[in-house]
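The structure appears below as structure tokens.
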Ligand SMILES: CC(C)(COP(=O)(O)OP(=O)(O)OC[C@H]1O[C@@H](n2cnc3c(N)ncnc32)[C@H](O)[C@@H]1OP(=O)(O)O)[C@@H](O)C(=O)NCCC(=O)NCCS
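Next up, the structure:
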């Protein structure tokens, strides 16, 4: 296990985390969500919004947002702070999501990702997600196709 992966706490996000989450989002996305969108996620009944906190410094170093609607899970967002990438944190967030999915009898997981996002696509494929479709010009700024990935748990 990579060194930084050992001392991470994954816990529910709370309002005080949103500034740090937004910083991570802005750091890496060309078309970031509005800050309010993150606050909204805290209040949705079907939304699961968790942060990865460094166990020593308590810094927020990653987050994951997914929705569970009956037997379907939609992964909406996962990100790790730039300086802590490639240390196994993204994989820990994926493992955490899959634990919840199994506990809740989720049967299928869907996500969409920019075709050029090699890091995320490699992560998803490592978890056996399969590309099932492409949505033309789905993203803006810059315009890009979305690859739709699915993982069937049953
Ligand atoms: C995708 C992301 C969450 C991965 O987080 P991470 O903590 O760096 O990933 P990990 O260190 O846990 O890596 C797990 C696996 O992901 C894949 N991976 C991660 N970064 C990669 C990269 N830059 N290139 C290729 N594969 C990569 C590898 O398969 C890796 O396994 P390995 O270490 O055995 O090779 C991170 O790159 C990120 O925040 N990207 C920006 C946000 C984003 O694009 N989110 C997806 C939105 S759909």
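Numbering (the working numbering), first residue to last: 4 to 157.
Note that CB positions come from ideal geometry on N, CA and C, so glycine has one too.
{"Query": "State buried or exposed for residue 145, treating a residue as buried only when at least 16 other CB atoms are found within 10 Å of its CB.", "Result": "exposed"}
{"Query": "So, for residue 74: in the same chain, excluding its five sequence neighbours on each side, which residues have a beta-carbon less than 8 angstroms away from its beta-carbon?", "Result": "108, 109, 110, 111"}
{"Query": "Which runs of the alpha helix (DSSP H) fall wholly inside the region 67 to 114 and span at least 4 residues, in chain order?", "Result": "92 to 106"}
{"Query": "Looking only at its own chain, which residues have a Cβ that is under 6 angstroms from the Cβ of residue 85, when we skip the five neighbours before and after it?", "Result": "30"}
{"Query": "Would you please state the rounded distance, in angstroms, between the beta carbons of residue 139 and residue 153? I believe it to be under 8 angstroms.", "Result": "Actually they do not touch by this definition, with Cβ atoms about 18 angstroms apart."}
{"Query": "Apply the 10 Å Cβ neighbour rule to residue 39 and answer buried if 16 or more other Cβ atoms are within range, or exposed otherwise.", "Result": "exposed"}
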